[in-house]
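Each residue of the sequence shown is one higher than the one before, starting from 1 at the first, in full-length UniProt numbering. Report on the following structure.
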Amino acid sequence: MSVIRTSANMIMKQLLHHPPLSFISFSGRPLLPCSRNPIIRLTPNRGISCSPIRCAAPDADADRKVSARLSQMQQLLQEAEERASSAGNGPTPQITLVNTKVDMRFNVKQAYWLSDRIRERIMQMAIIDAAAYVPPPPSEEQKKKIAKMAAIGEQKRLKSKKVLSDKKAFRRSRDSWD
């Protein structure tokens, strides 16, 4: 959980770190080269997430199209899927709590909007490799072993059931003490 939080913090620092209202840059490249006097807004929406980035020129150039880089950035932000899970773990009242955990999932190798240093740092985290591991399917030998263990368990269950049934039958067949 701390690795996910660290990754999300690094990404958000990278997204929110920009020179004052001229352009947003990732790894030294201008991201939003708008016309003169651009207006850039990042509005927080539930903790870590942000609303779409708006880049608007003054009213004189209002009919100009938005740059392709901006629409690309908006698409990338929409693709970065956020999932919030419940905050409560214990017997405390759930009404007073807010969601505190956020999972942000995206393909790190294809996230070219991250700087190389951050991308490498995220890739080096062992938890990503562990989460991406898909165990191989069981071999024939393992399947036979599992089937054998299941059969033994079934036999034990039937044997204990038979012993209990015999005990109850014996109690019923005894003469009463009356």
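Beta carbons are placed, not taken as given, at the ideal position from N, Cα and C, and that holds for glycine.
Identify, in the order they occur along the chain, each residue of the same chain with its Cβ nearer than 7 Å to the Cβ of residue i, setting aside the five sequence neighbours on each side.
{"i": "R119", "result": "V108 and A111"}
When DSSP labels each residue in this structure, what does residue i get in the three-state scheme?
{"i": "D129", "result": "helix"}
{"i": "V108", "result": "coil"}
{"i": "D166", "result": "helix"}
{"i": "D175", "result": "coil"}
Within 10 Å of its beta-carbon, does residue i have 16 or more other beta-carbons around it, so buried, or fewer, so exposed?
{"i": "L164", "result": "exposed"}
{"i": "L114", "result": "buried"}
{"i": "M149", "result": "exposed"}
Measuring straight from C-alpha to C-alpha, what distance separates residue i and residue j?
{"i": "P131", "j": "I122", "result": "Note that residue 131 is Ala in the sequence shown here, rather than Pro. A131 and I122: Cα-Cα distance of roughly 13 Å."}
{"i": "K156", "j": "Q75", "result": "58 Å"}
{"i": "P138", "j": "R69", "result": "47 Å"}
{"i": "P136", "j": "I146", "result": "16 Å"}
{"i": "K168", "j": "E154", "result": "21 Å"}
{"i": "D166", "j": "A151", "result": "22 Å"}
{"i": "K144", "j": "D103", "result": "39 Å"}
{"i": "R105", "j": "K159", "result": "50 Å"}
{"i": "L31", "j": "Q142", "result": "Since pLDDT at L31 reaches only 42, below the 50 mark, its modelled position is unreliable, and no value is offered."}
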